[in-house]
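Below: the structure, in structure tokens.
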Amino acid sequence: DQMLRENAVVVMGMPQMRCTVSARSVLHSHRVCFHRREWDDLEDPLYRYLKCKHPNEFEGGVMMHSYVYIGGQFVGNGFKIAPDRMPESRLLSLLRQSGADTNCTPKADCAGIVSAARAEELDRTLK
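Next up, the structure:
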């Protein structure tokens with residue numbers, strides 16, 4: 597997939613879900629630049645495809661709503677890169693191997709507050 601070839605780190609998921617928030621938080625803490633692809637609808641075609649492609653992404657019996665790729669390789673849902681699940685040395689090694697840019701300054705992340713569609717609507721209102 598072109599998105600995975602063009603971006604060293606990709607986080608796909610529902611923006612307000614804890615697993616997606618966790619992934620963004622971990623990557624922001626390491627100043628990692630990453631590409632985001634998000635959806636708000638459980639019937640989104642990409643989400644349906646990712647659930648089929650990665651059918652074992654469950655936590656506590658619940659299918660997760662995020663998918664993290666580093667260097668084009670799937671590493672798991674957003675919780676799987678959290679410090680209590682993946683040693684920092686492993687994460688840093690994956691990031692180095694992928695050529696990820698670690699000089700990004702995170703912007704304010706309001707995704708957990710409103711949906712992406714609502715955020716766009718609000719941004720248009722503010723202009």
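Counting in the working numbering, the sequence shown runs from 597 upward without gaps.
Even for Gly, the Cβ is constructed at its ideal location relative to N, Cα and C.
Being a predicted model, the structure only gives us computed values, none of them experimental.
Beta-carbon separation (whole angstroms), residue i vs residue j, contact threshold 8 Å
i: ASN603; j: HIS626; result: ASN603 to HIS626, Cβ: 16 Å. No contact.
i: MET610; j: GLU634; result: 7 Å
i: ASP640; j: ALA713; result: Rounded, the Cβ-Cβ distance is 12 Å, inconsistent with contact.
Residue i in three-state terms, based on DSSP
i: HIS624; result: helix
i: PHE675; result: helix
i: GLU634; result: strand
i: MET599; result: helix
i: SER662; result: strand
i: GLU716; result: helix
Under 9 Å between C-beta atoms of residue i and residue j
i: SER694; j: GLY667; result: yes
i: VAL628; j: ALA696; result: yes
i: ALA619; j: ASN699; result: no
i: PHE670; j: GLU655; result: no
i: HIS624; j: PRO702; result: yes
i: VAL605; j: LEU691; result: yes
i: LEU646; j: MET608; result: yes
i: GLN612; j: SER689; result: no
Residue i, enclosing beta strand (DSSP E) - first and last residue
i: GLN669; result: 669-672
Rounded straight-line distance, which links the Cα of residue j to that of residue i
i: CYS615; j: MET660; result: 7 Å
i: VAL664; j: LEU687; result: 12 Å
i: LYS723; j: HIS650; result: 40 Å
Run of the alpha helix (DSSP H) containing residue i, from where it starts to where it stops
i: MET608; result: Taken as a continuous stretch (DSSP letters only), MET608 belongs to no alpha helix (DSSP H), being part of the beta strand (DSSP E) at 605-609.
i: ARG681; result: Segment: none, ARG681 is in no alpha helix (DSSP H) and carries neither H nor E.
i: PRO641; result: 641-649
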